[in-house]
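The numbers in the sequence shown follow my numbering, run straight up by one, and end at 195. The structure appears below as structure tokens.
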Amino acid sequence: MQLLANTTSPYVRIARIAMIEKGLNIEPTIVDPWADDARLRRANAATRVPTLITDEGVPLT
């Protein structure tokens, strides 16, 4: 799994806390939602973080 995140989002912090509590060791991939990041746009047309991409390639927002 891959977590697309940025360093200032409180929602990313909440998602990371939940992952830690569940024992998931997923390092976030830092993206910039304000800079039209291509990785984020492919996964989430609204370019919002956090976006979790499953092992099957399905984005969850």
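Idealized CB from N, CA, C, for every residue including glycine.
- When DSSP reads this structure, P167 sits in no beta bridge, so it has no partner.
- Put simply, the backbone Cα of W168 is about 20 angstroms away from that of Q136.
- Between R173 and P162, the C-beta gap is not smaller than 9 angstroms, which leaves the two residues out of contact.
- Residue nearest to S143 within the set L158, R182, A152, D170 is R182 (criterion: CA-CA distance).
- In the DSSP assignment, A152 falls within the unbroken alpha helix (DSSP H) covering 144 to 155.
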